[in-house]
Every structure is written in C-alpha cells, then in structure tokens.
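Engineer: The opening residue of the first sequence carries number 1 in our numbering; numbering runs sequentially from there.
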Amino acid sequence: MPHDSYDPHTIEPKWQEIWDKRQAFKTPSDPDELAGKPKFYVLDMFPYPSGAGLHVGHPEGYTATDVIARMKRMQGFNVLHPMGWDAFGLPAERAAVREGLHPADITRRNVDTFRRQIKRLGFSYDWDREISTASADYYRWTQWIFLQLYNRGLAYMADVPVNWCPALGTVLANEEVKDGRYVETGDPVERRLMRQWMLKITVYAERLLEDLEGLDWPESVKEMQRNWIGKSRGADVVFRIADSDRDFTVFTTRPDTLFGATYCVFSPEHPLVAAITTEERRAAVEDYVTAAAQKSDLDRTDLAKSKTGVFTGASAVNPVNGERIPIWVADYVLMGYGTGAIMAVPGHDERDHEFARAFDLPIIEVVSGSDKPIEEAAFTDNQDGVMVNSTGADGLSLDGLRVPDAIARITAWLEERGLGTGRIQYRLRDWLFSRQRYWGEPFPIVHTDDGEVVALDESWLPVGLPAIDEYRPTEDGRPPLARAGDDWLKVALPDGRIANRETNTMPQWAGSCWYYLRFIDPHNESEPWSKQLENYWMPIDLYVGGVEHAVLHLLYARFWHKVLYDCGWVSTKEPFQKLFNQGMILAYSYRDSNGKYYLPSDVEVREDGTATLRATGEALESQIEKMSKSKLNVVNPDDVIAEYGADSMRLYELFMGPLEVQKPWQMKGVEGVYRFLQRTWRLVVDEKAGGLNPRLTDAPSSSEPELERTLHKTIKKAASDTESLQMNTGIAQMMIFVNEATTAETLPRATVTTFLRLLSPYAPHLSEELWHRLGEPDLIAHADWPQYDETLCIDETITVVVQINGKKRDELQVAKDTDRGEIERLALASPNALKHMEGKKPKKVVVVPGRLVNIVV
RNA sequence: GCCGGAGUGGCGGAAUGGCAGACGCAGCGGACUCAAAAUCCGCCUGGGGCAACUCAGUGAGGGUUCGAAUCCCUCCUCCGGCACCA
1 MPHDSYDPHT IEPKWQEIWD KRQAFKTPSD PDELAGKPKF YVLDMFPYPS GAGLHVGHPE
61 GYTATDVIAR MKRMQGFNVL HPMGWDAFGL PAERAAVREG LHPADITRRN VDTFRRQIKR
121 LGFSYDWDRE ISTASADYYR WTQWIFLQLY NRGLAYMADV PVNWCPALGT VLANEEVKDG
181 RYVETGDPVE RRLMRQWMLK ITVYAERLLE DLEGLDWPES VKEMQRNWIG KSRGADVVFR
241 IADSDRDFTV FTTRPDTLFG ATYCVFSPEH PLVAAITTEE RRAAVEDYVT AAAQKSDLDR
301 TDLAKSKTGV FTGASAVNPV NGERIPIWVA DYVLMGYGTG AIMAVPGHDE RDHEFARAFD
361 LPIIEVVSGS DKPIEEAAFT DNQDGVMVNS TGADGLSLDG LRVPDAIARI TAWLEERGLG
421 TGRIQYRLRD WLFSRQRYWG EPFPIVHTDD GEVVALDESW LPVGLPAIDE YRPTEDGRPP
481 LARAGDDWLK VALPDGRIAN RETNTMPQWA GSCWYYLRFI DPHNESEPWS KQLENYWMPI
541 DLYVGGVEHA VLHLLYARFW HKVLYDCGWV STKEPFQKLF NQGMILAYSY RDSNGKYYLP
601 SDVEVREDGT ATLRATGEAL ESQIEKMSKS KLNVVNPDDV IAEYGADSMR LYELFMGPLE
661 VQKPWQMKGV EGVYRFLQRT WRLVVDEKAG GLNPRLTDAP SSSEPELERT LHKTIKKAAS
721 DTESLQMNTG IAQMMIFVNE ATTAETLPRA TVTTFLRLLS PYAPHLSEEL WHRLGEPDLI
781 AHADWPQYDE TLCIDETITV VVQINGKKRD ELQVAKDTDR GEIERLALAS PNALKHMEGK
841 KPKKVVVVPG RLVNIVV
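(1) Check whether the region 354-371 and the region 420-432 touch, using three or more Cβ-Cβ pairs below 8 Å as the test.
(2) Tell me whether residue 303 sits in a helix, a strand or coil according to DSSP, three-state version.
(3) Exposed or buried, what is residue 201 when buried is set at 16 or more other beta-carbons lying within 10 Å of its beta-carbon?
(4) Let me make sure I understand the geometry here. Which of 573, 323, 329 has the alpha-carbon closest to that of residue 309?
(5) Checking 8 Å against the spacing of the C-beta atoms, do residue 441 and residue 511 come in under that value?
(6) Classify residue 36: buried if its beta carbon has 16 or more other beta carbons within 10 angstroms, exposed otherwise.
(7) Buried or exposed for residue 854, please, with buried defined as at least 16 other CB atoms from any protein chain shown within 10 angstroms of its CB.
(8) Within a Cβ cutoff of 6 Å, which residues of the same chain sit near residue 160, ignoring the five residues on either side of it in sequence?
(9) Is there contact between the region 104-123 and the region 643-660, where contact requires at least three CB pairs shorter than 8 Å?
(10) Would you identify the three-state DSSP class for residue 165, choosing helix, strand or coil?
(11) By DSSP's criteria, residue 442 is part of a beta bridge. Which residues make up the other side?
(12) Would you give the residue range spanned by the alpha helix (DSSP H) that residue 570 belongs to?
(13) Compare the C-alpha of residue 658 against each of 565, 594, 188, 582 and name the closest.
(14) If you drop the 5 nearest sequence neighbours on each side, which residues of the same chain put their C-beta closer than 6 Å to that of residue 164?
(15) Tell me where the beta strand (DSSP E) around residue 692 begins and ends.
(16) Near residue 473, which residues of its chain fall below 7 Å by C-beta distance, leaving aside the five closest residues on each side in sequence?
(17) State the beta-bridge partners of residue 874 as determined by DSSP.
(18) Any idea what DSSP makes of residue 857, helix, strand or coil?
(19) Along the beta strand (DSSP E) that carries residue 811, what are the first and last residues, could you check?
(20) Can you tell me whether residue 72 is buried or exposed? The criterion is at least 16 other CB atoms within 10 Å of its CB, across all chains shown.
(21) Give me, in chain order, the residues of the same chain whose beta-carbon lies closer than 7 Å to that of residue 734; leave out the 5 immediate sequence neighbours on both sides.
(22) Kindly indicate the opening and closing residues of the alpha helix (DSSP H) around residue 330.
(23) To the nearest angstrom, report how far apart residue 303 and residue 16 are at their CA atoms.
(24) Which stretch, first to last residue, makes up the beta strand (DSSP E) that contains residue 545?
(25) Is the number of C-beta pairs between the region 792-800 and the region 764-775 that are closer than 8 Å three or more?
(26) CA-CA distance, residue 802 and residue 826?
(27) At which residues does the alpha helix (DSSP H) containing residue 32 begin and terminate?
(28) To the nearest angstrom, report how far apart residue 1 and residue 820 are at their CA atoms.
(29) Would you mind giving the Cβ-Cβ distance between residue 500 and residue 489, rounded to the nearest angstrom? I have them listed as a contact below 8 Å.
(30) Could you tell me the distance, in whole angstroms, from the CA atom of residue 125 to the CA atom of residue 524?
(31) What does a CB cutoff of less than 8 Å around residue 132 pick up in its chain, not counting 5 residues either side in sequence?
(32) In chain order, which continuous runs of the beta strand (DSSP E) of length 3 or greater are located wholly inside the region 410-493?
(33) Taking only runs of the beta strand (DSSP E) that begin and end inside the region 661-734, which ones reach a length of at least 3 residues, in chain order?
(34) Which value, in whole angstroms, describes the spacing of the CA atoms of residue 753 and residue 230?
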C-alpha cells in the first residue's frame, strides 16, 4: 500500500486555507496600487441561490472563468474576479410562506449552501467583494439608479394591459410569458388593465441595436437581440373615415402596395372602434370586442389557425385613389404594435390574404411576378416585383417601378401632401417594471393624497423592506407591502404633506442590471462606485453564463448601462465586451415502461449499453436529459468532490467537450482525469518510498530534449487554448506531456516546475502541493506564466506524406528545413509511390512544405 | 412557417482545405501479483489478406479542387430561438 499517494482530501482543504490566510486572490482596491498593470475583468453570471443547491452544471462556467483568472494573474494582469448573489426573487418568498420563515432567512440559508459548495472548488474569487442584491447597502443603490431613470423621464406610471398571473398574484413582463403561461412555472396568465411602473427602454432601441456591432458576442445572441428589438422601416399613412371628419393612422412596411389595400383592420382595443361603428353593426362589434378582451393570450394564440373578425359598418378613404374600403375589427391586429390599425393588402400579405379569403373581401394584384394567381396565394416578394394597377389621381403612378423604388416614390408623395411620413418602428416595447411581490426592492417613491407622484431624495435611501405578517396580496388585491403598518406606509414630506409609499416592488432583473459595477467598489458608502475605479476596470473583458439570458438580462443591463453612460457615471457604452455562453450539462436518466424514474445508483448499466434495475432485473430505458429533481438524475458536485476531489471535478468540467455545447455528464470520465492527476503526482512523488521521485534531476531541461520539445509545444497550446476557451484540447495536450514524462528516463526539475505552472489554473491544489514539495517557496498561484521557445515547438525531423492522386501511399522523414525541390525529389523516388505510379509520368506535383506531396498521374 | 447551430468509432470528442479518429472512457491482449485491485506496455472504424498491404468510410445525394469531415448546391434528422409585429 503506497503511503504517499495522491490524496485530494488532505491537500485541497490545506491549500484553500493557505490561500485564504494569505489573501492570495485579493484584488487591490486602491487605484495607486492598481496603476501600472493591465487589467482583466472576468465575470460569471451570478447565481440565484435556489434551495436545491448547486448541481454540476453551475461550476462549468465558474471553472472556465477561474482558469482564465488564474492564468491572467500569472501573466501579470490585475484581475477582478468576484462572486455574489442574485438574492431577491419569488422562490424565496414562496418558501417563506411554506416554512413560516422570513424570505431573508431562507435566502441566507441558501446563500450559505451555495457559498460552501462554491468554495470547495477552490475558485480564486476575491471574497471580500461578495455582494447580495437583497442587502440594504446594495439595493440602496438599485433605488438610487431608479431615481436617475425617473429624473431623466425614463420611468413612468401608466394603465397598461398586463400579464396577470393569478397563481402568483403578480404581473409579469412580456418576456416572462410564453404561450399564455409563466415561463418558469407554467401557471396560466391573463390580461388585465393595471396601473404599473414602466421604463422607457424603447428610447434606447436604436442604440441597443447599433452598439451590438462592436461586441465580441456569439452571433446567435446578437441575432436574438436584434430580433427582439425588431426594427422595421416603413411609413405611417393617414386614412380619412368616410362620411366623417375623423381619421386614423396605420403603419405599413409596404406603402408601395397602397393601391392594393382593399380594407382596413382595427385591433379590438383601438380607441376609435366604438366611435366609428354604425348602429346596425354595434351589437356584433361589441360582442366581438368583449370576447377578445376576455381571451387570454393563450386563447388568442390557439385561435391563430383561423382568422376571426367583424365589420364595423364604416369605411375608410384610400388616400392614393379616393376609394372607399371597409373597416373591420379583428384580433390578428395587435394594439401594442404600430398604431393598432392596419391597411390590409390581401394580394401581398399572407395574413391579409387569409382574412380576405375567409370573409370574401376583394384581392387586387399591384405587384407582378408571382407564379400563382393572386387569388390563390399572396405574393410577398419585396425586391424584384414590378408595380402594376397602381395609377391614381394627382399624377401619381407607380406602375413599372420595382418595389424598393416604388416605396421611395410613394413615401415622398405622401409626405408632400401631409398624408403620411416615412417611419421606423421597433417591436421592442417599454419595460414593465413593477411586481406585486414582497421580496424585491421597494420603489423610492411616494404618492400624495391628491395623486401626485413624488420621488424621494437620495438622502432618504435606502427605503427598507418593512416586516409584514403575510407575503400575500391584501384581500382587496393590493400588493403585499400594503400590509405594512402606517409607520412604514405613511411618509411625512418636507412640505408637511403626508404621503403613501409605493407598494409595488422592482422585478428580479433590477439587481442584476448593475451588479458588475458594484463589484468594482463594493464597500463604497457615499457613491454607488468610484468613477476612477470604474474607469480602470470597465468594460468586462469576459462574461460567462447560460444562453437563457440571451435577451432579458443582457438587454436590460445594457439599457441601464447606457442610461448611466448618459448620466456620466460609466465610461463605456457597453458593459460586456466579450460574452461566452457555456452549454448545458445533461445527465443519463433511467425509466421503466410505466415512465417511473430510478436513481442511477439503483441501475445496472451493462457493456452493451442496456440498463436494468439492480433489485429486480427489470429492463429500463435510458436517455440523456436535462438534470432535474423529478428525473432523479441531478449530479451534486459535493458527491463528485467527495470521491475524486475538486481538482478532478474542475478538470472534468472542462475536459468533457467544447465549453459552448450541451454534453452529458459521465462519471467514468471523471475517473479518467483523476488518473491523469495521479500520474502527475507520481512525476514528483515517490509513492512507495516517500520523498521525491528519484528520476528528478537538477540538470537543465535540455538534458531531456524530446521532453523539452513536448513541454514547449504544451506551453504554446495550453496558453492559446485556454485563452480561446478551448480548454478540452488544452487539457489533452497536458495529458500528452504527462504521458511522455511518465516514461522519460530522467525528469529535469525545471521541466516539471514549468509544466506545473501550466497545470495550476486547472488543478490549483495539486499544483500548489507539488510546487511546494519541489522546494518552491512562494505560491504557484503567484508564479510567472511560462514562455515558450518557438524553435523548440518544431520537430527536427518531420513526416511528409506522399500521395498519389490524393491517396496516401507513403511517408518520408525529412529534416525540418528540407527545401521544396528536395522533398519533391524524395517523394518521386519513394518506393511505394513508384509502385502506385505504375510507370506513368507525373502530370503535376503539389508540394506543401512540412506536410505532404501530392503526385497527380 | 421563419432565423440560427449541429450531425465524425461502442461512448465524450480531435482535426475548419493537406496523414480522419488527437486526448479520454469503455473493451481486448500482455507484464507485475499466490490472487485481485492499482500500475505499466500493446491493440482498438468496417471489409479482405498469414503478412506486406489493400478497398470502403465523417447524416444522404451531387458539385468545386491536385486534394473536402472542412467550401458550394439539394435533401434528411436533431437541438435552440422567434412566431399574426403589418
């Protein structure tokens, strides 16, 4: 039994304690101390500390950023690498109701679990900068930022149709609702008109779109944001209502098709509907509008298959030709986009076409080029089609023009006559910013009895959360904060008036919109952060997290950042210069024929891949799925660490495959990297005899020239693969080195210590221990990153492949600097090549130096 | 329906115009051992061959090229996002 084998359970706590004691990863907070070194700000998307604790998916991104942080530190950067908690949120509030505790207690308990689990992995966070969005000295500044928004006119209250979730007793943002259900829980959501806080993110639509250009983000995430912002160019066109002095405006991206407009449609919520409806049609229209109002989004989506609508009895006058066209009401037109009214061109819009067919409305072709009759299908091409049937009064004719030219012509014509204007429309809507919840930031706002909204002065912050007995809405439907006593609810204003506090709270996104700025200066009591430090650290050089935040968090945070930029509080237009999404980690799950799941520990997986239940031998179905409690396939990092240690856990997280893809967790894979670390251990330690490996020598690295070459190749590849987050191949190269070192005759110490520095960001505990045993006095975490010698990265002799007609037939060993002609001569003379040329003359010879020769015959 | 991304051994994956399968897992054979575990060495895409070697092969089909997993076209499958946005 070896008495000095690799034992992560001894060395990992030991080094974590030493790092802690020496404050090895403390980032200076004094600007003078920071000066003179380049900076690197590497940030994880901070977690919501749920009650379930960590699973192995969480540390994937954290491990990647930690490796980068450690490497950058060794490369001489000041590194900012913090961790904190997105601590407000609904689950804690619900757990509080369930357990009869305060949400703050639930949150504290969950944070303690998360922190303990994260610390066991040996991450080099500067824990002095830990923040929680739910602590008053943090949310004080969230409230302060809200005041900046309010004072710039970017926050307002409005009666808006909201997504009300009865099960949760709160409104939700549009983004939190999909197919009429809350995306997190699946509870149904209905539409209600309520007075709510809104943020004018739409003012920033163009900048949010434009500034995506310069960001080093995954193209897919940029595209998702672009789609969400949804910019379209078009025109507003004014239609007069026949036999009336009223008019209305529609937005269209195809003003060129105005001659093809055969009817107009109002959204059921359009304010003019009641006014224009004729008496004969009133009952039918009112029925339709009422029915539409009662429909949830879910119903409206479900009914999308066939179009419904009702005629108002009124007509509109087409401004280009004076023709009267009927006005309908239909719920396929949305009040929330454009003007809530459209001109319908069934010949050239699929939705209008479907509606016209359903209600037997006329279809006119105004763009030619379709290969089907216009009655059969709308022709929607907007590039090559040529205008027809488009001549009206006033000398206007679009006939013969191609669509883009027609759009320009008609827009100019409308503008000249005051009948319309070219306009850009965004799909993005203002951000619904209030929630009827307890566990969130209170607004720094009070309401006077006469209805005035008063923003509190900065000096009154923070507005703390009051103690209340129940975390439910009041009986009359007001938010939970309305349950607070008058000592909290009533506020005496400086002018003597008594006002009532706002009882809505902010959504969970608020705290995560600016946490990256607080990390820069987390203990500042007089300002949200120091501008000098902000100027040093921003922007974030690498931001890593899940793709589920591609739109919401990242768009909201960018919006706040731009507001803060306009206020002069931040120095960069964008907060996150480089974004990286790690892929989800999946796991095998096992299910019987009734769909019941079993724990992997109760399952026997045989060589051929089939699975059976250990107790009964029953055959089970195995599949790879997202980890979830109900599928009994959650892998807890605590268990992995207990068996293999944190270093193996870290290494496997990154060795599994490319960081950005989904991949299944396989325990056998952890064993593989564990064996690699054991082999590394044995390079330094003589397990049986104790002490150092006798093969270690004080001779220079060049005394083992082959190993030295491999070392330099490894330095090169490990550094570049780490930098580019291709850590799986970087680790593979380190394995190649260790395999070779294992069989080398001697091990020059310099070779080993150089290698350990490369390994140390990945397996920091093991590397510290071996570094120490090799007599190095300082921490490896503070050592210099090794440099490679390019000349040692190229082998003295290289293998050149000889191909005949693209097929490999032979290979040559040649000196690395052999010239083209010589290589060609050798190739043409190689025995196997000659055999396959069958005496034919080479037609062409392609020589790729250092790689191959292709002989074409 | 529209917009992205991906399909490579038994498995995770490598190679992004130049030797397909690096590295790891699993498996097989060997050494060590009384034995086992651990460790070390070797084999490990499929077909044919005693072997040297040879034929086929990166979802399917076609193309460009001296040369294609990689570039282009058509199609299939899977994953993600959006979905009456006028």
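Beta carbons: idealized from backbone N, C-alpha and C, even for Gly. Given the structure is predicted, the values throughout are model-derived calculations rather than measurements.
Structural biologist: From the atom records:
(1) no
(2) Confidence at residue 303 is low in this model, with a pLDDT of 46, below 50, so the placement of that residue should be treated as unreliable; the coordinate-derived value is given next. Of the three classes helix, strand and coil, the one that applies to residue 303 here is helix, per DSSP.
(3) buried
(4) 329
(5) yes
(6) exposed
(7) buried
(8) 196
(9) yes
(10) strand
(11) 505
(12) Element bounds for residue 570: n/a, residue is neither H nor E.
(13) 582
(14) 171, 190, 192
(15) From DSSP, residue 692 is part of no beta strand (DSSP E); its letter is neither H nor E.
(16) 169, 436, 479, 480
(17) Outside the modelled stretch of the chain, which goes from 1 to 857, sits residue 874, for which no answer is possible.
(18) coil
(19) 807-815
(20) buried
(21) 714, 718, 758, 759
(22) It is not in any alpha helix (DSSP H) - residue 330 carries neither H nor E in the DSSP assignment.
(23) A caution first: residue 303 carries a pLDDT of 46, below 50, which makes its placement in the model too unreliable to give a value.
(24) 542-545
(25) no
(26) 9 Å
(27) 31-34
(28) For residue 1, the predicted structure reports a pLDDT of 46, less than 50, and the residue's modelled location is therefore unreliable. A value from the coordinates is still provided. Those two C-alpha atoms are separated by around 57 Å.
(29) 6 Å
(30) 19 Å
(31) 84, 85, 87, 107, 111, 138
(32) 420-426, 445-448, 453-455, 490-492
(33) 663-665
(34) 55 Å
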